[in-house]
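Colleague: Last residue of the sequence shown? That's 370 in the working numbering, and every number before it is there in order. Built from N, CA and C at the ideal position, the CB exists for glycine as well. Quick caveat: nothing in here was measured; it's all calculated off a predicted structure.
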Amino acid sequence: LLLGDLASCKLSEVAWQGSGGNEKFYFENENVCMIFNAGELTLVEYGINDVLGSVRTECMNPHLISVRINERRPREDGEDGQNKKMAYLVDLHTICIMNLYMGITVATITHDNKINWLELNETGRKLLFRDKKLRLHLYDIESHSRSSLLNYCSYVQWVPLSDVVVAQSRDNLCVWYNIDMPEKVTMFPLKGEVVDLERRDGRTEVLVQSGVDTISYTLDEGLIEFGTAIDDGDHVRALTFLETLEMTGETEAMWRTLGELSLSARRLKIAERCYAALGDVAKARYLRQVGELAEKIKKETGQDGSSHFLVQAKLATLGKQFKQAEAILLERGEVERAMTMYQELHRWEDAIAVAEARSHPDLESLRSAHFQWLLDTGQEERAGEVREDL
C-alpha cells in the first residue's frame, strides 16, 4: 500500500493484505491516513513504512476518532519524546484511548448515553466528548478523572495550539482558559450560532452566525498564550509573554503561578524575576543568592548546580520545609550547617535537637546562646522554663 502527503513529501509503503478494494480512506488528519475495512481501523503515519496501529471498531465515522501525533512539545514522559495517542469508539457507549507509540490501551470510558463527538487535546492528555443529549464531558487521562462541563452544548472545539476550550450553550459562549480547573469558566452572552474558530496573527476569534451577519468575538490571547506555555512546561515563553503585560490582578496571579512552578523546577533566574515583579524583594534577593551559589558550584564542578545538596537545602528552607532541609544536610554529614540554618531562622530548639542527636561538642554553648537570646528578646518566662529543663 503506497501513501503520501504531497504537501510535506512524506511517503509511506506498507505491506497490505488485499481485500477486493473495499477499503475506505480518510485523509482529514494531517499526520495519518485512516483506513476502514471490514470493521477494522488501520492507521498509517505519513513518512513511516509501517502500520502505526490497528483496532476493531463498530463506528466508522472519522469524526468519532481523534489522533494526535507529536502536535505540541510533550512533557518528558519517558517515551523518547514521542506523543502518539488515539481516542476512538469501540461502540457507541465506550471510548478507548490508546498510546500508539507503546501499543497499549491507557484508558477505557463507558458512558450511559450514545456519544456523538470526541476530540483529544494536542498533547493527548485530555479528552472532550459529547453525548446525544448534548452534555459535554472532560476526561483527564493522567488522573483517570471525569468532569461534566456543560449541558446543551451545540458547539465545542479546542483552540488550536492551546488547551483552551470554547463551547456554546444556548445563548452563552463558554470559555475555559485553564482546563485543569474545569469549574472556572468565562461566559459571554451571544446571539446566533457559533460556526467557526480562527486563530491567526496573534488573535483568536469565535465566529458567530446571527441571521445574515457573521459576528466575531475576540478571546483573551494573553490567557491563552500563558496557559499553553505553562502546560507545555515552557517557562521562558511564559516569562517572555508576561513581560509584555501591565500589572493587573490577573497578571499578578500569572506571575505568582509562574514563580511557584519555576521554583519547583529549580529554574532560579525565572523564579527570581517573578518574585521581583511581585514586589517580594526579600524572596527575590534570597533566590539571587541561591542562584549565585548554583553558578559557583557549576563552575567548580562542571555539574548542574541546582541539583547540588546545598542548593536543594536552601530551596527547601525557602519553602519552609525545614525538616527536609535538615535531612538533606545531615545525609551529607553537614551537622554544623544544619545547626547554623536553624540558628539563622531563630529555631533554637531545633538546632539544639540536632546537636543532641549528633552529640555535638558545642551543645552546652548552644544552650547558653539560646537562653541569652530569649532574655535579649524579652521572653523571660520561656527562658525560665529552659533554665528549669537544664
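Just to confirm my understanding: we take residue 264, look at its own chain, exclude 5 residues before and 5 after, and list those with CB closer than 7 Å. What are they?
Modeller: Within the same chain, residue 264 has close Cβ partners 252, 255, 256.
Colleague: With H, G and I counted as helix, E and B as strand and the rest as coil, what does DSSP make of residue 266?
Modeller: If DSSP states are grouped into helix, strand and coil, residue 266 belongs with the helices.
Colleague: What alpha helix (DSSP H) runs, 4 residues minimum, are completely inside the region 240 to 308?
Modeller: Within the region 240 to 308, the complete alpha helix (DSSP H) runs of at least 4 residues are 248 to 257, 261 to 281, 289 to 298.
Colleague: Is it buried or exposed for residue 219, if we count other Cβ within 10 angstroms and need 16 for buried?
Modeller: The residue in question, residue 219, is buried, as its Cβ has 16 or more Cβ neighbours within 10 Å.
Colleague: Output the residue ranges of the beta strand (DSSP E) runs that lie fully inside the region -19 to 6 and measure 3 residues or longer, sorted by chain position.
Modeller: For the region -19 to 6, whole beta strand (DSSP E) runs of length 3 or above, ordered along the chain, are -18 to -15, -10 to -7, 4 to 6.
Colleague: What distance in whole Å lies between the Cβ atoms of residue 187 and residue 170, which are believed to be in contact at a cut-off of 8 Å?
Modeller: Residue 170 to residue 187, Cβ: 11 Å. No contact.
Colleague: What's the C-alpha gap between residue 359 and residue 365?
Modeller: Rounded to the nearest angstrom, the two C-alpha atoms are 10 Å apart.
Colleague: With three or more C-beta pairs closer than 8 Å as the rule, is the region 176 to 187 touching the region 131 to 142?
Modeller: As far as the Cβ criterion goes, the region 131 to 142 touches the region 176 to 187, which means the pair count is three or higher.
Colleague: Please state the DSSP three-state secondary structure of residue 191.
Modeller: Coil at residue 191, not helix or strand.
Colleague: Using the C-alpha atoms, what's the distance from residue 285 back to residue 316?
Modeller: Rounded to whole angstroms, residue 316 to residue 285 spans 21 Å at the Cα level.
Colleague: What are the complete beta strand (DSSP E) segments, minimum 3 residues, inside the region 83 to 171?
Modeller: As far as the region 83 to 171 is concerned, its whole beta strand (DSSP E) runs of at least 3 residues are 84 to 90, 95 to 100, 106 to 111, 116 to 120, 125 to 130, 133 to 138, 145 to 149, 152 to 156, 166 to 169.
Colleague: What does the alpha-carbon distance come out to for the pair residue -12 and residue 8?
Modeller: Their Cα atoms are separated by approximately 15 Å.
Colleague: Going by beta-carbon coordinates alone, are residue 97 and residue 110 separated by less than 8 Å?
Modeller: Yes; because the gap between Cβ atoms is below 8 Å, this pair is in contact.
Colleague: Within this structure, are the beta carbons of residue 74 and residue 90 separated by less than 8 Å?
Modeller: In this structure, residue 90 lies closer than 8 Å to residue 74 by Cβ.
Colleague: For the beta strand (DSSP E) holding residue 75, just list the boundary residues, first then last.
Modeller: Note, residue 75: beta strand (DSSP E), 74 to 79.
Colleague: Candidates 172, 199, 330, 202: which alpha carbon is nearest residue 371's?
Modeller: In the structure as shown, the chain starts at -19 and stops at 370, and residue 371 therefore has no counterpart that could be examined.
Colleague: So, with DSSP's three-state summary, where would you put residue 33?
Modeller: Here residue 33 sits in strand by DSSP.
Colleague: Would you identify the three-state DSSP class for residue 180, choosing helix, strand or coil?
Modeller: Here residue 180 sits in strand by DSSP.
Colleague: Can you tell me the Cα-Cα spacing of residue 93 and residue 134, whole angstroms?
Modeller: So the alpha carbons of these two residues sit roughly 16 Å apart.
Colleague: Only counting the same chain, and skipping five residues up and downstream in sequence, which positions put a Cβ closer than 8 Å to that of residue 334?
Modeller: Here the set comprises 306, 310, 315, 318, 319, 322, 340.
Colleague: Could you give the distance in angstroms between the alpha-carbon of residue 150 and the alpha-carbon of residue 130?
Modeller: So the two alpha carbons sit approximately 11 Å from each other.
Colleague: Please check the pair residue 44 and residue 35, which I expect to be a contact at CB under 8 Å, by giving their CB distance rounded to whole angstroms.
Modeller: In fact, because the Cβ distance is near 13 Å, the residues do not count as touching under 8 Å.
Colleague: Please determine, among 163, 6, -10, 15, the residue with the shortest C-alpha to C-alpha distance to residue -3.
Modeller: Comparing Cα-Cα distances from residue -3 to each of 163, 6, -10, 15, the minimum goes to 15.
Colleague: So is residue 51 buried or exposed if we call it buried at 16+ other beta carbons inside 10 Å?
Modeller: The residue in question, residue 51, is buried, as its Cβ has 16 or more Cβ neighbours within 10 Å.
Colleague: Quick one: what does DSSP say residue 71 is sitting in, helix, strand or coil?
Modeller: The answer is strand: DSSP assigns residue 71 an E or B state.
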